[in-house]
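2 protein chains.
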Amino acid sequence: MRRFFKVEALAKLQKILGSGKIKTQPEELFVYGYDATAGLKNQMPLAVVFPESTEEVVEIVKWANEYKIPLYPRGSGTNLSGGTVPTAKGVVVELNRLNKILEIDLDNLTATVEPGVIINDLNEAVKPYGLIYPPDPGTVTTATMGGSVAECSGGLRGLKYGVTKHYIMGVEAVIGTGELLKFGGKTVKNVTGYDLPALMVGSEGTLGIITKIIVKLIPAPVAKKSFLAVFNSIDDAGNAIAEIIKNRVIPATLEIMDQTTIRTVEKFKNIGLPVDAQAILLVETDGYPEQVEMEAKIIRQVLEKNRGEVSEAKNDEEREKLWEARRAALPALAQVSPTTVLEDATVPRSQVPAMLKRLKEISEKYNLTIGTFGHAGDGNLHPTILTDETNREEWQRVEKAVEEIFKAALELGGTLSGEHGIGMAKNRFLLWEMGEAGVNLLKRLKLAFDPNNILNPGKMA
Amino acid sequence: MRRFFKVEALAKLQKILGSGKIKTQPEELFVYGYDATAGLKNQMPLAVVFPESTEEVVEIVKWANEYKIPLYPRGSGTNLSGGTVPTAKGVVVELNRLNKILEIDLDNLTATVEPGVIINDLNEAVKPYGLIYPPDPGTVTTATMGGSVAECSGGLRGLKYGVTKHYIMGVEAVIGTGELLKFGGKTVKNVTGYDLPALMVGSEGTLGIITKIIVKLIPAPVAKKSFLAVFNSIDDAGNAIAEIIKNRVIPATLEIMDQTTIRTVEKFKNIGLPVDAQAILLVETDGYPEQVEMEAKIIRQVLEKNRGEVSEAKNDEEREKLWEARRAALPALAQVSPTTVLEDATVPRSQVPAMLKRLKEISEKYNLTIGTFGHAGDGNLHPTILTDETNREEWQRVEKAVEEIFKAALELGGTLSGEHGIGMAKNRFLLWEMGEAGVNLLKRLKLAFDPNNILNPGKMA
């Protein structure tokens with residue numbers, strides 16, 4: 001980019017936004033070349049802008065079209081596929097100042113929020129009314145609603161409650177042309193036009209910059225029961241998972257941790273986990289008391305039948321302790337080595353035992369430490385490779401192992417990504433799953449929204 | 001179309017398909033100029049084809065691209081927005097021979113079906129396993145899965161269980177280019193590429209011809225309670241609806257019938273409905289026995305507080321009788337006059353009382369008989385105009401009334417269509433809801449899938 005052009009463009013942007021809404025100094029820009037993803041080539045942006053209104057977002061996108069300068073929308077930057085990392089000289093659009101909960105509508109059980117609202121803040125706001133917004137990615141206390149819609153965040157409750165896409169009823173967005181559009185609304189049913197709210201969810205900032213979101217809320221469950229089951233065989237754990245669902249019990253959460261993860265968490269937290277176990281399962285059922293009783297009975301039976309050693313949380317404090325272990329999984333694994341490669345290749349839940357076996361083989365083949373934990377109930381495992389990206393020889397083995405993990409997931413009828421997104425971390429593998437015709441369709445679709453390829457270029461397809 | 005060209009094109013098509021899979025005689029084609037929609041200009045197709053494999057569908061779409069002849073995908077033709085009616089000389093693709101249930105997967109709680117499977121046949125097939133496929137449009141015993149995915153069918157259980165889009169995990173389709181693509185799959189979580197399964201649901205046959213569908217199944221509820229409540233004021237009924245939800249009870253069904261509908265059903269069926277009532281509500285809660293008890297108590301309290309006279313179905317036979325009245329609504333109304341215009345303008349549920357008021361005003365203003373019934377719990381009302389399309393003067397009033405119904409729904413924060421689709425019945429109103437930029441986006445999106453505008457042209461946008 002020629003220097004004069006850049007100076008002129010940024011001066012114009014400065015003029016559009018007024019003071020205090022743009023940063024251009026290298027030391028201010030540095031962090032915006034990163035997000036939570038490991039091992040990516042990063043690129044510092046030209047500037048970061050902080051719009052404070054929808055109108056400013058519109059002006060920014062029009063400006064970008066005029067100068068053909070790419071925009072990179074960003075929330076809290078917690079995503080794990082490089083979704084917010086610039087790929088060329090452009091401007092990061094940081095949406096955290098658009099952070100109002102605009103409405104909680106108790107008649108329609110909806111909330112309307114701006115993109116910068118933190119997911120957990122929405123849940124705190126609706127709690128007094130006995131309501132919840134179920135999607136709960138691990139980053140629920142830091143991630144924004146806008147980012148979580150753009151990435152279609154998953155989390156621990158996907159099995160019973162679904163993921164972000166199941167709760168988004170309406171989206172207002174500035175598409176790549178600079179046009180402000182509203183998709184969907186507060187009606188439960190809506191078949192007017194294509195399902196554009198659904199298309200925006202998981203679009204990774206490539207179709208539009210989200211400026212408003214209408215979400216569905218649901219009544220909070222009134223009762224809960226939580227179990228920890230210890231297994232000496234990974235097959236037993238896998239069979240227990242499949243059998244619970246086969247008994248038509250859909251737990252709220254059904255999580256697994258393998259031996260590597262258990263040992264690392266125990267070293268890190270020292271909370272008395274069974275370090276010789278091959279796997280532990282954490283299972284929680286929620287709903288009405290009687291239903292929870294019935295489901296809990298079946299869950300316990302299945303776990304014990306599959307040789308699980310079962311303990312039940314007797315109160316909220318004990319339940320908290322169980323989840324503390326689960327929540328510690330990623331931070332604990334991340335402490336072991338300089339670089340943590342957290343994957344989310346996902347399989348149909350019946351293939352979880354087969355996938356666990358493949359992960360073990362891959363870890364042995366490439367002589368790598370892979371800790372696996374995750375949402376076993378929905379087939380969304382998180383194999384986590386503990387490595388050091390500055391060790392070139394090992395990093396090459398990591399890259400090969402990652403490729404093999406994806407191939408295994410696809411062979412088992414799964415998908416490249418269950419909840420982390422494609423971004424720039426997985427777009428080179430997209431052909432394997434979608435084929436050339438599929439990838440070309442994604443590209444044409446992108447251009448229908450964003451003909452000048454302004455929004456988050458180089459991501460997804 | 002020049003005669004020679006037509007003869008050549010059809011001869012080629014005949015050759016591709018072999019014998020017994022194509023009809024070209026006018027008396028065979030006549031019915032394919034219609035579907036269940038009233039008051040449309042119809043157009044007889046050049047031919048109807050009956051593919052018996054996915055490969056044949058691919059060949060048909062390639063043939064259509066070669067000759068630039070439009071295709072009109074069709075299931076049972078039960079849709080109410082002209083979605084299956086030809087708009088120009090083209091070929092109807094009747095998918096009812098692709099009618100196999102390919103798999104019921106009890107481990108993953110999914111079923112894989114071909115598009116010609118009747119919705120109810122799927123439900124009968126999964127019933128022995130204690131599972132259900134919840135979407136239940138009124139046409140459940142005749143409509144096909146393919147048609148119901150293409151139109152995103154709604155139905156009586158939308159409030160609690162959602163609609164078709166909430167159950168479609170994967171779709172295989174031949175897009176307008178003739179390419180066979182697979183979107184989604186059996187994993188609960190999938191963020192690979194844009195959410196193309198969601199985009200296919202409700203795309204009204206304009207993006208692709210669906211050849212395979214993977215649906216989510218859920219455990220059948222084990223208990224039910226059903227109530228009939230009689231109201232002397234439409235406001236009381238409306239307030240009761242809002243208050244049930246506000247009490248965080250989400251009934252499985254929450255249906256309304258107004259006085260016109262009640263009287264017509266009673267005349268038709270003679271089952272003892274209260275003909276002097278202003279409205280009746282039918283409410284059913286389902287789930288685990290204890291939950292059903294708790295919810296039933298709240299429902300009864302709210303209904304009585306709002307001056308509803310409540311009776312409860314004591315057994316399945318009595319429940320059947322309640323639903324018989326509801327199911328008779330449309331057939332009864334349809335018997336009264338030569339033409340029945342069934343609308344589905346939809347509002348946020350809190351606006352149901354306001355919408356009912358507006359419907360009454362519109363019926364008086366245009367001196368028309370409008371019976372209203374429908375899914376009050378999800379704001380999806382069915383104002384039904386009883387008329388005669390051969391009476392030109394009255395038909396003009398009907399058209400004005402319909403426009404005003406749409407305007408009212410939009411003013412109340414609603415949408416043009418909750419579950420019937422846009423098709424060719426409502427596309428001239430699309431601008432009101434989506435604006436010019438929105439409609440242009442729909443058109444660009446369509447072209448990304450179907451650059452030659454082969455698939456169901458003239459529908460939706």
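Chains A and B are the protein sequences, given in the same order. As numbered in the UniProt record's numbering, residues 1 to 461 make up the first sequence, in order. As numbered in the UniProt record's numbering, residues 1 to 461 make up the second sequence, in order. Glycine residues also receive a C-beta, built at the ideal position from the N, C-alpha and C atoms.
(message) For the segment 273 to 288 of chain A, list every residue whose C-beta sits within 8 Å of some C-beta in chain B, in sequence order.
(response) Of all residues in the segment 273 to 288 of chain A, G287 and Y288 have a Cβ within less than 8 Å of some Cβ in chain B.
(message) Below 8 Å on the Cβ atoms is my contact criterion, and I expect T339 of chain B with D276 of chain B to pass it. Report the Cβ-Cβ distance as a whole number of Å.
(response) Not really, about 28 Å apart at Cβ, beyond 8 Å.
(message) Given this structure, state the Cα-to-Cα distance separating K41 of chain B from M424 of chain B, to the nearest angstrom.
(response) The alpha-carbon atoms of K41 of chain B and M424 of chain B are separated by roughly 10 Å.
(message) Using a Cβ distance threshold of 8 Å, determine whether the segment 62 to 76 of chain B contacts the segment 95 to 111 of chain B, with at least three qualifying pairs required.
(response) Yes: at least three Cβ pairs fall under 8 Å.
(message) Just to make sure I have the definition right: I need the residues of chain B whose C-beta is within less than 9 Å of the C-beta of R74 of chain A. Which are they?
(response) Those within 9 Å of R74 of chain A in chain B number zero; the least Cβ separation is about 18 Å.
(message) Taking the straight line between their C-alpha atoms, what separation do you get for V265 of chain A and T84 of chain B?
(response) Rounded to the nearest angstrom, the two C-alpha atoms are 58 Å apart.
(request) List the whole-angstrom C-beta distance separating L207 of chain A from T261 of chain A, where the pair is believed to meet the contact cut-off of C-beta under 8 Å. (result) The distance from the Cβ of L207 of chain A to that of T261 of chain A is about 36 Å, inconsistent with a contact at the 8 Å cut-off.
(message) So, at 8 Å on beta carbons, what are the nonlocal neighbours of A242 of chain A in its own chain, with the 5 sequence-adjacent residues on each side left out?
(response) Hits under 8 Å: R349, S350, V352 and P353.
(message) Suppose you measure from the CA of L416 of chain B to the CA of L368 of chain B; what does that come to, to the nearest Å?
(response) In this structure, the alpha-carbon of L416 of chain B lies about 20 Å from that of L368 of chain B.
(message) Only counting the same chain, and skipping five residues up and downstream in sequence, which positions put a Cβ closer than 7 Å to that of A38 of chain A?
(response) T339, T340, V341 and E389, listed in sequence order.
(message) On the criterion of 16 or more Cβ atoms from any shown chain inside 10 Å, does P128 of chain A qualify as buried, or is it exposed?
(response) In summary, P128 of chain A is exposed, with fewer than 16 beta-carbon neighbours lying within 10 Å of its beta-carbon over all protein chains present.
(message) Measuring only from the beta carbon, is K160 of chain A closer than 8 Å to any heavy atom that is part of the ligand MN?
(response) Ligands are entirely absent from the displayed structure, and the ligand MN is therefore not among its contents.
(message) If contact is defined by three or more beta carbon pairs under 8 Å, each pair taking one atom from either stretch, is the segment 210 to 221 of chain B in contact with the segment 97 to 111 of chain B?
(response) Touching, per the Cβ criterion.
(message) Let me check one thing: in DSSP terms, what residues is H382 of chain B bridge-paired to?
(response) Its beta-bridge partners are B:F373.
(message) Across the segment 43 to 54 of chain B and the segment 428 to 448 of chain B, are there enough close Cβ pairs to call them in contact, namely three or more that are closer than 8 Å?
(response) The segment 43 to 54 of chain B, when compared against the segment 428 to 448 of chain B, does not touch it at the 8 Å Cβ threshold.
(message) Looking at the secondary structure, which residues open and close the alpha helix (DSSP H) in which E179 of chain B lies?
(response) From DSSP, E179 of chain B is part of no alpha helix (DSSP H); its letter is neither H nor E.
(request) Could you name the residues of the segment 111 to 137 of chain A whose beta carbon sits closer than 7 Å to any beta carbon of chain B, in the order they occur along the chain? (result) For the segment 111 to 137 of chain A, residues whose beta-carbon sits nearer than 7 Å to a beta-carbon of chain B comprise G130.
(message) Once the 5 residues before and after K23 of chain A are set aside, which same chain residues still bring their CB inside 7 Å of it?
(response) So the list reads L29, A47 and V48, once near-sequence residues are dropped.
(message) If you measure between the beta carbons of Y288 of chain A and A223 of chain A, is that distance less than 9 Å?
(response) Their beta carbons are under 9 Å apart, which means Y288 of chain A touches A223 of chain A by this criterion.
(request) Please name the residue or residues paired with G208 of chain B in a DSSP beta bridge. (result) Its beta-bridge partners are B:I175.
(message) Quick check: the Cα distance between G82 of chain A and Y34 of chain A, rounded to an integer number of angstroms?
(response) G82 of chain A and Y34 of chain A: Cα-Cα distance of roughly 8 Å.
(message) Quick test of the definition: if touching needs 3 or more C-beta pairs under 8 Å, does the segment 392 to 406 of chain A touch the segment 267 to 276 of chain A?
(response) The segment 392 to 406 of chain A is not in contact with the segment 267 to 276 of chain A.
(message) On the DSSP bridge list, what partners appear for F449 of chain B?
(response) Answer is none; F449 of chain B lacks a bridge partner.
(message) So with CB distances below 9 Å, who are the chain A contacts of H166 of chain B?
(response) Chain A residues near H166 of chain B: G162 and H166.
(message) With a threshold of 9 Å between beta-carbons, can P348 of chain A be considered close to chain B, or not?
(response) Residue contact check for P348 of chain A against chain B: a CB pair falls below 9 Å.
(message) Just to make sure I have the definition right: I need the residues of chain B whose C-beta is within less than 8 Å of the C-beta of M294 of chain A. Which are they?
(response) Y288, listed in chain order.
(message) Distance cutoff 9 Å, beta carbons only. Does V191 of chain A sit that close to anything in chain B?
(response) It does; some Cβ of chain B falls within 9 Å.
(request) Identify every run of the alpha helix (DSSP H) within the segment 385 to 434 of chain A, keeping only runs that are complete inside it and at least 4 residues long; order them along the chain. (result) The qualifying runs are 392 to 411.
(request) Specify whether the segment 375 to 383 of chain B and the segment 238 to 255 of chain B touch according to this definition: at least 3 beta carbon pairs, one from each stretch, less than 8 Å apart. (result) With contact defined as three or more Cβ pairs closer than 8 Å, the segment 375 to 383 of chain B and the segment 238 to 255 of chain B are in contact.
(request) Leaving aside the five residues before and after E103 of chain B along the sequence, list all residues of the same chain whose C-beta is less than 7 Å from its C-beta, in chain order. (result) Contacts found: A111 and T112.
(request) Give the residues of chain B in contact with S417 of chain A, contact being defined as C-beta atoms less than 9 Å apart. (result) Neighbours of S417 of chain A on chain B, chain order: K189, N190, V191 and T192.
(message) Classify P70 of chain B: buried if its beta carbon has 16 or more other beta carbons within 10 angstroms, exposed otherwise.
(response) Result: buried.
(request) Could you tell me the distance, in whole angstroms, from the CA atom of T87 of chain B to the CA atom of I298 of chain A? (result) Cα-Cα distance, rounded: 56 Å.
(request) For V457 of chain B, write down the residues that DSSP places opposite it in a beta bridge. (result) The question names Val, but residue 457 of chain B is Pro in the sequence shown. None; P457 of chain B has no bridge partner.
(message) Give me, in chain order, the residues of the same chain whose beta-carbon lies closer than 6 Å to that of E411 of chain B; leave out the 5 immediate sequence neighbours on both sides.
(response) Around E411 of chain B, the same chain offers no residue with a beta carbon nearer than 6 Å, after the five sequence neighbours per side are excluded.
(request) Could you work out which residues of chain B lie near L106 of chain A, taking near to mean beta carbons separated by less than 7 Å? (result) When 7 Å is used as the limit between beta carbons, L106 of chain A is near these residues of chain B: K246, in chain order.
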